[in-house]
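Undergrad: Quick one: structure below, then a few questions.
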Amino acid sequence: MPHTPRLCIDSRTAVELPQTGIMAQELIDQLVAANGEEEASEWIQKHRTVLLSHPGQVFSGQLRRYETKRKVGTSPLYWLWEKEFVKSAGISFFHRFRAIDQMNVACVIMTLTTVLPPKRKLPFFITRRPNQYFCVPSEKDLEFLHVKYQIAKERIFVARPAVRRLVHFQELQKPEKPIALFLISEKENREQLDRLRRVVKSRFPHLEHKVIVMKNKDGLNPKTWISLLSNTQICFYLTPKPFDWGTLALESLFYKIPTVFNEENAGLREILPHTGLTLNRFLIEQTEMDSLEKETLRAWNDLKHSGAFEPLALAKRYREIYNQIEPSKLV
42 MPHTPRLCID SRTAVELPQT GIMAQELIDQ LVAANGEEEA SEWIQKHRTV
92 LLSHPGQVFS GQLRRYETKR KVGTSPLYWL WEKEFVKSAG ISFFHRFRAI
142 DQMNVACVIM TLTTVLPPKR KLPFFITRRP NQYFCVPSEK DLEFLHVKYQ
192 IAKERIFVAR PAVRRLVHFQ ELQKPEKPIA LFLISEKENR EQLDRLRRVV
242 KSRFPHLEHK VIVMKNKDGL NPKTWISLLS NTQICFYLTP KPFDWGTLAL
292 ESLFYKIPTV FNEENAGLRE ILPHTGLTLN RFLIEQTEMD SLEKETLRAW
342 NDLKHSGAFE PLALAKRYRE IYNQIEPSKL V
């Protein structure tokens with residue numbers, strides 16, 4: 042009797058990397074929410090999807106789960122554990138979310154890895170296998186994987202960044218005290234951040250400053266995030282790292298909050314190629330709030346037309362990717 046094909050989505054990164062790993066949590070929730078809709082994946086509809094998760098993680102739906110306290114690693118011992126898990130769980134297709142410097146060798150089954158920013162620094166090399174595929178947030182990231190790590194372009198997919206479904210069900214609260222919100226990826230950027238804060242203070246002296254280091258483990262739960270945005274008059278999304286999905290910046294723009302981002306962020310730059318909301322323009326042109334608000338409305342319209350605000354945007358794109366990788370398995 043032939044083995045029933047099954048997809049396993051590894052969701053542990055949602056806990057281990059709270060900000061860059063929110064992609065894992067969101068995709069699972071969207072795939073479940075899309076069941077019965079146009080964006081639905083057959084892996085979900087035919088009950089052939091299982092999760093690999095940490096104890097205590099909460100997801101939508103009733104997908105079967107394999108729980109482990111083991112964290113994602115790169116050691117030979119971890120690789121042996123993952124190899125044994127794939128065998129014992131009887132899965133045929135493995136979807137992982139990995140920081141690029143945590144990308145251990147793929148197992149023998151078909152594997153899709155959604156690439157996230159490095160935890161520390163870019164690796165010297167990435168081991169390639171013919172059964173391994175990758176998903177990145179921009180064409181620039183695709184080219185980077187191809188040139189630096191010699192990964193064939195036909196094995197790399199692009200999924201454009203998008204907001205989470207939660208923003209469609211959460212209204213901002215009445216602001217209590219207006220703030221300028223700074224989202225940074227590293228504590229080491231302190232000198233650059235201090236210079237920017239001095240500029241912001243001179244232009245918008247009435248705003249208090251709130252700095253969030255996205256690398257911190259405590260993270261931003263949805264309630265805290267909406268509360269922050271409710272008081273935010275201007276947001277600065279400063280990470281320039283490759284493979285960044287820019288979710289929090291897009292959600293700030295969803296609420297029409299002026300959001301200035303680092304132009305080195307390829308995912309945001311490609312989805313908003315003509316925007317004036319880049320850090321260089323803010324600093325050079327000394328943009329005032331009324332101009333920022335006009336740019337924000339233009340960006341909002343561009344993002345809406347691009348599909349970045351669709352509540353099931355990720356489910357739709359990953360359904361397409363799954364089908365391109367494993368179309369013959371859906372029987």
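So the sequence shown is numbered by this note's numbering: it starts at 42 and just counts up by one.
Think of the CB as a built atom: it goes at the ideal place given N, C-alpha and C, for glycine as much as any other residue.
(1) Enumerate in chain order the residues of its own chain whose CB-to-CB distance from Gln327 is below 8 Å, with the five nearest sequence positions on each side excluded.
(2) Check His250 in the structure and name its three-state DSSP category.
(3) Of all the options Asn364, Arg360, Gln365 and Glu367, which has the alpha carbon lying nearest to the alpha carbon of Ile69?
(4) So, with DSSP's three-state summary, where would you put His95?
(5) At the level of alpha carbons, what is the spacing between Thr152 and Asn172?
(6) Can you name the start and end residues of the beta strand (DSSP E) that Trp274 belongs to?
(7) Could you give the first and the last residue of the continuous beta strand (DSSP E) run that contains Phe134?
(8) Below 7 Å CB to CB, which residues in the same chain sit around Phe284 once its five sequence neighbours on both sides are set aside?
(9) Can you tell me whether Pro352 is buried or exposed? The criterion is at least 16 other CB atoms within 10 Å of its CB, across all chains shown.
(10) Since Ile192 and Arg169 are thought to touch, with beta carbons under 8 Å apart, how far apart are those beta carbons, to the nearest angstrom?
(11) With C-beta atoms as the reference, is Ile267 less than 8 Å away from Leu222?
(12) Which of the three DSSP states, helix, strand or coil, is assigned to Arg89?
(13) Cα separation between Leu355 and Phe175?
(14) By a C-beta neighbour count over all protein chains shown, 10 Å radius and 16 as the cutoff for buried, is Ile167 buried or exposed?
(15) For my contact list, Cys49 and Val91 are in at a C-beta cut-off of 8 Å; report their separation, rounded to the angstrom.
(16) Could you give the DSSP three-state label for Pro46: helix, strand or coil?
(17) Count the other C-beta atoms from every protein chain shown that fall within 10 angstroms of the C-beta of Glu232, then say buried if there are 16 or more, exposed otherwise.
(18) Judging by CA-CA distance, which residue of Leu104, Glu304 and Leu338 is the nearest neighbour of Leu324?
(19) If you run the structure through DSSP and keep just helix, strand and coil, what is Val372?
(20) If we call anything under 8 Å between Cβ atoms a contact, is Leu27 one with Pro202?
(21) For the beta strand (DSSP E) that contains Met107, what are its first and last residues?
(22) So, with DSSP's three-state summary, where would you put Phe126?
(23) Check Ile192 in the structure and name its three-state DSSP category.
(24) Please report the straight-line C-alpha distance between Phe185 and Phe165, rounded to a whole angstrom.
(25) What are the residues that DSSP puts in a beta bridge with Ile220?
(26) Which stretch, first to last residue, makes up the beta strand (DSSP E) that contains Phe198?
(27) In the DSSP assignment, find the unbroken beta strand (DSSP E) run with Gln173 in it and report its ends.
TA: So, from the data block:
(1) Excluding residues within five positions, the ones whose Cβ falls inside 8 Å are Arg244.
(2) Correct three-state label for His250: strand.
(3) The shortest Cα separation from Ile69 among Asn364, Arg360, Gln365 and Glu367 belongs to Arg360.
(4) DSSP places His95 in coil when its eight states are reduced to three.
(5) Spanning the two alpha carbons is a distance of roughly 6 Å.
(6) The sequence as given places Gln at residue 274; Trp does not occur at that position. That run of the beta strand (DSSP E) goes Thr273 to Tyr278.
(7) Boundaries of the beta strand (DSSP E) harbouring Phe134: Phe134 to Ala140, taken from the DSSP string.
(8) Counting only Cβ-Cβ distances below 7 Å, and skipping sequence neighbours, we find Ile141, Val156, Leu157, Pro158, Val177, Pro178 and Asp182.
(9) So Pro352 ends up on the buried side.
(10) Indeed, because the Cβ distance is near 6 Å, the residues count as touching under 8 Å.
(11) No, the pair does not count as a contact, with Cβ atoms beyond the cut-off.
(12) DSSP places Arg89 in coil when its eight states are reduced to three.
(13) Roughly 15 Å between the two C-alpha positions.
(14) With 16 or more Cβ atoms within 10 Å of its Cβ, Ile167 is classed as buried.
(15) Indeed they touch by this definition, with Cβ atoms about 5 Å apart.
(16) The three-state secondary structure of Pro46, taken from DSSP, is coil.
(17) Per the 10 Å Cβ criterion, exposed.
(18) Nearest option by C-alpha distance: Glu304.
(19) Only weak support exists for where Val372 lies, its pLDDT of 41 falling under 50; the value from the coordinates is given anyway. Val372: coil per DSSP, three-state reduction.
(20) The first residue shown for the chain is 42 and the last is 372, placing residue 27 beyond what the model contains.
(21) Contrary to the premise, residue 107 reads as Tyr rather than Met in this sequence. Per DSSP, Tyr107 belongs to the beta strand (DSSP E) from Arg105 to Glu108.
(22) Here Phe126 sits in helix by DSSP.
(23) In the three-state scheme derived from DSSP, where H, G and I count as helix and E and B as strand, Ile192 is classed as coil.
(24) Going by the C-alpha atoms only, they are around 13 Å apart.
(25) For Ile220, the beta-bridge partners assigned by DSSP are Glu249 and Thr273.
(26) In this chain, the beta strand (DSSP E) harbouring Phe198 covers Ile197 to Val199.
(27) Gln173 to Val177 is the extent of the beta strand (DSSP E) around Gln173.
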